[in-house]
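Inspection log for the structure reproduced underneath, given as structure tokens.
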Amino acid sequence: MEIFYKDFVLGNFRASNYKLLSDCSFSYSGESEDEIGIASTTIEKFIGDNPIPIYIGEKYESKLRPTITLIKNPCINENLSFNSIELRGILRELTGFRGYKWFRLINDKVEDELWYKAKINNISYKRVGGNIVGIILSMECDSMFAWSNENDVVINAKAGEIFYVNNNFEN
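This is the structure in structure tokens:
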């Protein structure tokens, strides 16, 4: 699943600090079918002669696997290809750890601030004319769930009166 956000943070790495854009792609045609990591298998048990199984639970079989493409920001950089020193610095920050790190997608909307726990599984390069112009990050999250900032709500309810709570994440 390719993701397109203004900026992102993975551990101590922030794309904009390296004058990179992360809302781009070399292969996206405007259409896609994305696996969002909620595939599961139902666990059931047939008991006795009953032809209908008893539902016991579910086992998740998938995780969120985003792909991000990085390019140099053409508004800031004159040379849009990466040299070996730049690549080593970026790769050191992105791959110099084991396990999952906090991964944050940044957009202009505050409600879009989502956090995941992610790690990079693979990195590939996009070459044009023999020069590396893109870094493609294949990632894996620890689950399909995203984290957001905690929201506290105070409800002043009176005894005997009905009240409703609607959680639609809008301010």
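Residue 2 is where the sequence shown starts when you use our numbering, and the numbers rise one by one after that.
Here a beta-carbon is modelled for each residue, glycine too, at the ideal position from N, C-alpha and C.
Roughly how many angstroms separate the alpha carbons of D24 and N74, rounded to a whole number?
10 Å
Using three-state DSSP, classify G90 as helix, strand or coil.
helix
Using C-beta distances below 6 Å, list every residue in its chain close to N172, excluding the 5 sequence neighbours before and after it, in chain order.
At N172, the pLDDT of 45 sits below 50, so the modelled position is not reliable; the number obtained from the coordinates is stated separately. Excluding residues within five positions, none has a Cβ falling inside 6 Å.
Run through DSSP, which three-state label would A16 get?
helix
I'd like the list of long-range same chain contacts for E94, defined as Cβ closer than 7 Å, with 5 residues on each side in sequence excluded.
N13 and F14
In whole angstroms, what separates the C-alpha of E59 from that of E79?
52 Å
Which term fits G100, buried or exposed, when burial requires 16 or more other beta carbons within 10 angstroms of its beta carbon?
exposed
Could you compute how far the alpha carbon of L81 sits from the alpha carbon of T42?
46 Å
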